[in-house]
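Engineer: For the sequence shown, counting from 1, position 258 maps to 262 in the working numbering; every step adds exactly one.
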Amino acid sequence: MRRMTSFNVVSLTVGFAFLYIPMLILVIYSFNASKLVTVWGGFSTKWYGELMQNEAFLDAAWVTIKVGLISSTIATILGTMAAFVLVRSGRFFGRTLFSGMIYAPLVMPEVITGLSLLLLFISIGLPRGVTTIVLAHATFSMCYVSVVVSSRMASFDRSLEEAAYDLGCTGWDAFKSVTLPIIAPAVISGWLLAFTLSLDDLVIASFTAGPASTTLPIKIFSSVRLGVSPEINALSTIIIAIVTFGVITASITSKRAIVKQQREEQMADA
5 MRRMTSFNVV
15 SLTVGFAFLY
25 IPMLILVIYS
35 FNASKLVTVW
45 GGFSTKWYGE
55 LMQNEAFLDA
65 AWVTIKVGLI
75 SSTIATILGT
85 MAAFVLVRSG
95 RFFGRTLFSG
105 MIYAPLVMPE
115 VITGLSLLLL
125 FISIGLPRGV
135 TTIVLAHATF
145 SMCYVSVVVS
155 SRMASFDRSL
165 EEAAYDLGCT
175 GWDAFKSVTL
185 PIIAPAVISG
195 WLLAFTLSLD
205 DLVIASFTAG
215 PASTTLPIKI
225 FSSVRLGVSP
235 EINALSTIII
245 AIVTFGVITA
255 SITSKRAIVK
265 QQREEQMADA
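1. In terms of alpha-carbon separation, which member of Trp66, Ile106, Glu59, Lys70 lies closest to Met85?
2. Cβ of Thr143 within 7 Å of any heavy atom in the ligand MN?
3. Pick out whichever of Ser154, Phe179, Ala87 has its Cα sitting closest to the Cα of Ser163.
4. DSSP beta-bridge partners for Phe47?
5. Looking only at C-alpha atoms, which of Pro109, Val14, Phe61, Gly19 sits nearest to Ser240?
6. Assuming Ser227 contacts Ile236 (C-beta within less than 8 Å), just tell me the rounded distance between them.
7. For Asn237, which of helix, strand or coil comes out of DSSP?
8. Out of Ile137, Tyr52, Leu121, which one is the CA nearest neighbour of Ala213?
9. When the Cα atoms are used, what is the spatial distance from Ser233 to Pro221?
10. Closer than 7 Å by C-beta to Gly45: which residues in its own chain qualify, once you throw out the five before and the five after it? Chain order, please.
11. Which two residues bound the contiguous alpha helix (DSSP H) that contains Ala64?
12. Whose CA, out of Phe20, Arg92, Val247, Ile32, lies closest to the CA of Ser155?
13. Verify whether the separation of the beta carbon atoms of Met146 and Phe88 is less than 8 Å.
14. May I ask you to report which of helix, strand or coil DSSP gives Ala213?
15. To the nearest angstrom, how far is the alpha carbon of Leu101 from that of Met112?
16. In three-state terms, what does DSSP make of Ser159?
17. Tell me the rounded alpha-carbon separation between Leu206 and His141.
18. Tell me which residues share the same chain as Val182 and place their Cβ nearer than 7 Å to its Cβ, disregarding the 5 neighbours each side in the sequence.
19. Alpha carbons only, please: which of Gly129, Pro131, Pro189 is nearest the one belonging to Thr253?
20. Let's see if you can read the secondary structure: which residues bound the alpha helix (DSSP H) around Ile224?
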């Protein structure tokens with residue numbers, strides 16, 4: 005095992021400090037009693053109370069959560085199906101085109117994706133709103149799910165499925181009882197990644213959102229252009245807390261699933 009050198013320690017420290025010190029400052033100033041975000045006026049939680057009474061932010065938060073839940077679920081289903089086809093179908097006509105279309109949003113600029121989707125929705129006469137944001141977010145996030153699930157399925161032991169077939173399982177029964185539980189950590193990770201991408205998206209949502217479907221990133225961006233208010237600091241702190249809780253929960257769930265899978269494999273070998 006290679007030891008950590010002083011250069012690596014310094015590099016990691018500087019990198020983490022660059023990433024997380026601004027967030028820590030934001031959290032601290034969310035409890036600032038002063039209305040000026042750059043002047044400390046004492047400890048107070050009044051801005052959280054003000055935030056809970058701000059209907060514009062609350063409506064935007066509800067739209068964001070609704071869009072994130074629906075779009076990440078759709079993206080997870082489609083991304084898992086795409087990963088299954090890419091890993092299990094082998095060589096087939098149009099595979100290169102299919103895989104290229106799946107992974108294109110990974111490298112496509114968000115401005116191009118948002119503009120393309122906007123032109124599509126206009127051409128088919130679909131009014132912009134929650135539905136168009138959901139479709140847009142599911143479109144660009146399903147490729148991330150596909151990458152995560154594909155990496156897990158590539159190392160999947162297919163002899164477990166073959167054993168299920170020998171015991172009389174159909175294709176669907178084998179997938180439901182054997183394949184899905186084993187790839188569940190990757191599926192959950194893909195869902196969380198899709199939800200995080202939807203929660204964070206600003207550019208694509210700006211193209212596909214309607215007047216009555218403003219998401220939280222759009223609302224925050226439009227508010228910051230007029231000046232940063234303490235309510236925005238409080239809102240950002242709540243988002244950081246939710247994301248942190250989600251990451252910790254996903255990490256614990258994945259570790260428990262991996263440990264359980266390893267125990268089951270050991271029992272099967274025994």
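Every residue, glycine too, gets a C-beta built ideally from N, C-alpha and C.
Structural biologist: The structure says:
1. Within the sequence shown, numbered from 1, the residue matching residue 85 stands at position 81. For Met85, the nearest C-alpha among the options comes from Ile106.
2. With respect to the ligand MN, the structure shown offers nothing to examine, as it has no ligands at all.
3. Your numbering for residue 163 matches position 159 in the sequence shown. Across the set Ser154, Phe179, Ala87, the C-alpha of Phe179 shows the shortest separation from the C-alpha of Ser163.
4. Indexing the sequence shown from 1 puts residue 47 at position 43. For Phe47, which the question treats as bridged, DSSP gives the partners Asn36.
5. The residue you call residue 240 lines up with position 236 of the sequence shown. The option with the nearest alpha carbon to Ser240 is Phe61.
6. What you label residue 227 is simply residue 223 of the sequence shown in a count that begins at 1. What you label residue 236 is simply residue 232 of the sequence shown in a count that begins at 1. Between Ile236 and Ser227 the Cβ distance is about 6 Å, and since that is below 8 Å, they are a contact.
7. Looking up residue 237 in the sequence shown gives position 233. Note: Asn237 maps to helix in three-state DSSP.
8. Within the sequence shown, numbered from 1, the residue matching residue 213 stands at position 209. Cα-wise, what sits closest to Ala213 is Ile137.
9. Numbered from 1 along the sequence shown, position 229 holds the residue referred to as residue 233. Numbered from 1 along the sequence shown, position 217 holds the residue referred to as residue 221. If you take the alpha carbons of Ser233 and Pro221, they lie about 15 Å apart.
10. Taking the sequence shown and counting its residues from 1, one reaches residue 45 at position 41. Closer than 7 Å at the Cβ level, and outside the excluded window around Gly45, lie Asn36, Ala37, Ser38.
11. Here residue 64 corresponds to residue number 60 of the sequence shown, with the count starting at 1. That run of the alpha helix (DSSP H) goes 59–92.
12. Here the question's residue 155 lines up with position 151 in the sequence shown. With respect to the C-alpha of Ser155, the residue from Phe20, Arg92, Val247, Ile32 having the closest C-alpha is Arg92.
13. Counting from 1 along the sequence shown, the entry for residue 146 is found at position 142. Counting from 1 along the sequence shown, the entry for residue 88 is found at position 84. No. Outside cutoff.
14. As a working note, residue 213 is residue 209 in the sequence shown. Here Ala213 sits in coil by DSSP.
15. For this step, residue 101 is matched to residue 97 along the sequence shown. For this step, residue 112 is matched to residue 108 along the sequence shown. Rounded to whole angstroms, Leu101 to Met112 spans 16 Å at the Cα level.
16. Mapped onto the sequence shown, residue 159 falls at position 155. Reduced to three states, the DSSP call for Ser159 is coil.
17. Counting from one through the sequence shown, the residue named residue 206 turns up at place 202. Counting from one through the sequence shown, the residue named residue 141 turns up at place 137. Rounded to the nearest whole angstrom, the CA to CA distance from Leu206 to His141 is 11 Å.
18. Taking the sequence shown and counting its residues from 1, the one referred to as residue 182 is at position 178. Correct list, in chain order: Leu164, Glu165, Ala168.
19. Within the sequence shown, residue 253 is the residue found at index 249, counting from 1. It is Pro189.
20. As a first step, residue 224 is located in the sequence shown; it is residue number 220 there, counting from the start. 220–228 is the extent of the alpha helix (DSSP H) around Ile224.
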